[in-house]
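The sequence shown maps to residues 1 to 665 in UniProt numbering.
First the structure, in the form of structure tokens, and then the observations on it.
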Amino acid sequence: MAPFPNKGGFIMLHTMYKSFAISLVLALFLSIGVPFGTGPLIVHAAPSAALNFEGETTANTTSGITTSNSSDSSASGGQYLQTSSSTAVGSWVEFTVNVPTADTYSVEFGYKQNTGRGISQLSVDGKNQGGTVDQYASTAAFTSSNLGTVSLSSGSHKFRFTVTGKNASSNSYAITVDYFKLTTGAGDYSVKDYGAKGDGSSDDTSAINSAITAANAAGGGKVVFPSGTYLSRSIHLKSNVQLYINTGATIKAISGIDSPESNSYDNYQDFGHSHWHNALMWGENVHNVKIIGTGTIDGNGVLSTSDNPGSGQGDKAIALKLSSDIEIGGLDDAHKLNLQRFGHFAVLATGVDTLNIHNVHVPNFTSGQRDVFDIMQCNDVTVTDIYSEYSADDIVKLGSDYSLGYKRPMSNIRVDKIVGFTNCNLFQIGSETAGDISNVHVSNLTVLGAGKAGFSISVNDGSVVDGVVLDGVNTMTGTTAPIFIEISNRGRAPGAGVGKIKNVTINNVTATNAQSSKGEYTSTIAGFKDGNGTYYVENITLNNVKITAKGSHPNSDASITPPELSKGNYNVKDFGIRPSYGFWLRHVKGVTFKNTTVNFESNDNRYAVVVDDAGNIEFNNFSMAKGTGIGSRVQLKNTVKSFYMHDSPNLPTVGPADITGTKTY
């Protein structure tokens, strides 16, 4: 806590108890004629609530572990749970507990150390919580570890302790669980106790950063923003600290944001992607950081959407670099965190592992909001329950650039329940694609309008994108192109070649009113060809996809051959008008359509589907409307090897056959 202002001095006592915390501030006014100790006594009490779960009595399930209860007078409750000596790496014991109230909790883990002990990792609902705990010691003793804070909804949650290894001096992987405790209120640091006014006119930067520093120095804690408007320059995030933004609390950026740090590699990507310090909130090499609550983070018109922000201006709300165990979001779907007028990025995360973004609302500001979430070369990421009313650029973007000075692979990404309107893409992989990206699972996209695509994969800088799934229920309206998958050769990385896209599955998409204020273009899957060779998009499956195009194109458009993309061109519009209204495919191998329907609102005299330079193409129950001014639904161009069409209305059964030249059906 910050000193209470007075004419004399102050004494501060901060007492932390196992199940409750009380902060005492003794204000001793020492003025002329006032004896020591006769001033007012001001007491701030914040009792905490604790949920204690005993290892030996809490219901559990196990895998690879045999457990038993042991008695010991030093244990909490007089007993503790231990596993057998046959315990191995990967074994686990999982406790299912009920949390009565949604809140943010500090997690304390009690266990018995001894010589024959392994190393455990706690996960809460499948997400690692805190660091590993080495239970080895040369002598037996009961102890505990602080495993950070976790935001939990009310209801059932799973706490799993997994064996990850053992100390070199240990002769066993066995672990123990004496208890685990969830505590609220302990370790809270109100920014107002550090001098923040929250009055909408005072500069609260110093007070906010002082509270964060104090929480970090104490080993971690929750920095609380009570209701009010807090004006701030750059806020410096630190490890093991949570920012909790209460309902009615707004953090507003003011001029004087930190200057961008130097970066020797900033020529390989946009300015905004190359710097992190020029943000309202930033952290570098930080761990176990949370920005949680139901209040608002507001760029206040100070954060620039430009690629060249002015001095002291800043261009992003939250920036994180080379960090881990990060959580940003609200409490649940009805209690979201608000991010608005955030400049170039609401969140830029680069080289961050174990990132959880959830329950965020972006209000309808038609200026000052560019990209929402740019997730760059990160691993083990979840982005879910997002409602973005307006953004000028992508809402959820996965990419991998060269801003760190090396290529960093990206994997294990889950994106779910994204609703929004954007002048760009609702979901995109790219355009920055220097490092490989794999194992991406996307579901339940609701596009309310998109100036580019609803779902896009754009590989331009040499990476391999492998293993992407879109499923759930996906609806798109007012979208320039519902689906866009392409390769180009922009090459913004040292030694970059031409990249690859392979093993993509797209399920359950319904697209209507397929146009936006930026135009309308056909859903596209296209590889790349230049003087050095042809680079194919490979192994794409589309199932239960229904697209209704706007239509109204003349038959002359069916003769168009879109250009091969020149260097630096990779957007939906760059191919121009396609010769088909439903799907246009070029330089592809292994594309399968199942249970797919394409039609139009107004008569369209282009083909439904054009396939140009391809292999292993299958149409299985593919229904296509045909315009009145064209004789065929499908056109195959150049060489199409192993083409197979069957069980498709108004279309013959074909092949598998090799087609050369031009063939229509």
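All C-beta atoms in this analysis are idealised placements derived from N, C-alpha and C, irrespective of residue type, glycine included.
What you are looking at is a predicted structure, and each value in this text was computed from that prediction instead of being measured.
#1: Out of S552, I437 and V97, state which residue places its alpha-carbon closest to the alpha-carbon of G467.
#2: Helix, strand or coil for N69? Go by DSSP, reduced to three states.
#3: According to DSSP, Q369 sits in a beta bridge with which residue or residues?
#4: Report yes if the C-beta distance between V545 and I501 is below 7 Å; otherwise report no.
#5: Consult DSSP for V43 and reduce its assignment to one of helix, strand or coil.
#6: For K166, which option in V224, G148 and S86 has the closest C-alpha, if you only look at C-alpha atoms?
#7: Three-state secondary structure (DSSP) at G77?
#8: Is DSSP giving S86 helix, strand or coil here?
#9: Check whether the Cβ atoms of A349 and I375 lie closer than 7 Å to each other.
#10: In whole angstroms, what separates the C-alpha of V440 from that of S145?
#11: Run through DSSP, which three-state label would I208 get?
#12: Taking 8 Å as the cut-off, does the segment 118–134 touch the segment 63–72 (at least 3 CB pairs, one atom from each stretch)?
#13: Just reading off the beta strand (DSSP E) that N427 is part of, what are its end residues?
#14: Alpha carbon to alpha carbon, how far is A453 from I487?
#15: I'd like the list of long-range same chain contacts for G221, defined as Cβ closer than 7 Å, with 5 residues on each side in sequence excluded.
#16: Below 8 Å, can you find three or more Cβ-Cβ pairs linking the segment 560–573 to the segment 643–659?
#17: Compute every distance between the C-beta of H335 and the non-hydrogen atoms of the ligand GTP, then say whether any falls below 6 Å.
#18: Does the Cβ of G9 have 16 or more other Cβ atoms within 10 Å, making it buried, or fewer, making it exposed?
#19: Counting only the same chain and skipping the five closest in sequence on each side, list residues whose C-beta sits under 6 Å from that of D394.
#20: Report the three-state DSSP secondary structure of Y194 (helix, strand or coil).
#21: If contacts are defined as beta-carbon pairs under 8 Å, then G283 and G368 qualify, I think. What distance do you get, rounded to the angstrom?
#22: Checking 7 Å against the spacing of the C-beta atoms, do N444 and V473 come in under that value?
#23: What's the gap between the Cα of I630 and the Cα of S580?
#24: Beta carbon of residue 689, beta carbon of D258: below 7 Å?
#25: Hey, how far is the Cα of A434 from the Cα of S463?
#26: Can you give me the C-alpha to C-alpha distance between F373 and A346, rounded to a whole angstrom?
#27: Can you tell me whether residue 666 is helix, strand or coil according to DSSP?
#28: Examine the Cβ distances between the segment 305–314 and the segment 326–339 and report whether three or more of them are shorter than 8 Å.
#29: Are G491 and D461 close, meaning C-beta to C-beta below 7 Å?
#30: Quick test of your reading: T62 and V107, contact by CB under 8 Å. State the CB separation rounded to the nearest angstrom.
#31: Put V25 into one of helix, strand or coil per three-state DSSP.
#32: With a threshold of 16 other CB atoms inside 10 Å of the CB of V588, please say whether the residue is buried or exposed.
#33: For S552 versus S602, is the C-beta distance shorter than 7 Å?
If we stick to the structure as given:
#1: Nearest of S552, I437 and V97 to G467, Cα basis: I437.
#2: Of the three classes helix, strand and coil, the one that applies to N69 here is strand, per DSSP.
#3: Under the DSSP definition of a beta bridge, Q369 partners with G343.
#4: For V545 and I501, no; Cβs fall outside 7 Å.
#5: Confidence is the limiting factor: at V43 the pLDDT is only 31, short of 50, which leaves the residue's position unreliable and the question unanswerable from this model.
#6: Measuring C-alpha to C-alpha distances from K166 to each of V224, G148 and S86 identifies S86 as the nearest.
#7: Helix at G77.
#8: Coil.
#9: One thing to note: A349 has its Cβ within 7 Å of the Cβ of I375.
#10: It is roughly 34 Å from the alpha-carbon of V440 to the alpha-carbon of S145.
#11: Look at I208 here: in three-state DSSP terms it is helix.
#12: No, they do not touch.
#13: The sequence shown places Phe at residue 427, rather than the Asn named in the question. Looking at the DSSP string, the run of the beta strand (DSSP E) that includes F427 is F427 to T433.
#14: So the alpha carbons of these two residues sit roughly 15 Å apart.
#15: So the qualifying residues of the chain are G187, D188, Y189, A215 and V241.
#16: By the criterion of at least three beta-carbon pairs nearer than 8 Å, the segment 560–573 is not in contact with the segment 643–659.
#17: As for the ligand GTP, it is missing from this structure, which has no ligand bound.
#18: In this prediction, G9 scores a pLDDT of 35, lower than 50, which makes its location untrustworthy; no coordinate-derived value is stated.
#19: Here the set comprises D371, C424, N425 and Q428.
#20: Reduced to three states, the DSSP call for Y194 is helix.
#21: Actually they do not touch by this definition, with Cβ atoms about 23 Å apart.
#22: Taking a C-beta distance under 7 Å as the contact criterion, N444 and V473 qualify as a contact pair.
#23: Using only the alpha carbons, I get a separation of about 11 Å.
#24: Because the chain here runs from 1 to 665, residue 689 falls outside it and cannot be looked at.
#25: C-alpha of A434 to C-alpha of S463: approximately 5 Å in a straight line.
#26: Straight-line Cα distance between these residues: approximately 6 Å.
#27: Residue 666 lies beyond the range of the chain shown here (1 to 665); nothing can be said about it.
#28: As far as the Cβ criterion goes, the segment 305–314 does not touch the segment 326–339, which means the pair count is below three.
#29: Yes, these two residues count as a Cβ contact at 7 Å.
#30: Their Cβ separation, rounded to whole angstroms, is 21 Å, which puts T62 and V107 out of contact at 8 Å.
#31: With a pLDDT of 32 at V25, under the threshold of 50, the predicted position of this residue should be treated as unreliable, though the coordinate-derived value follows. Strand.
#32: Buried, since its Cβ has 16 or more Cβ neighbours within 10 Å.
#33: With contacts defined by Cβ atoms closer than 7 Å, S552 and S602 form a contacting pair.
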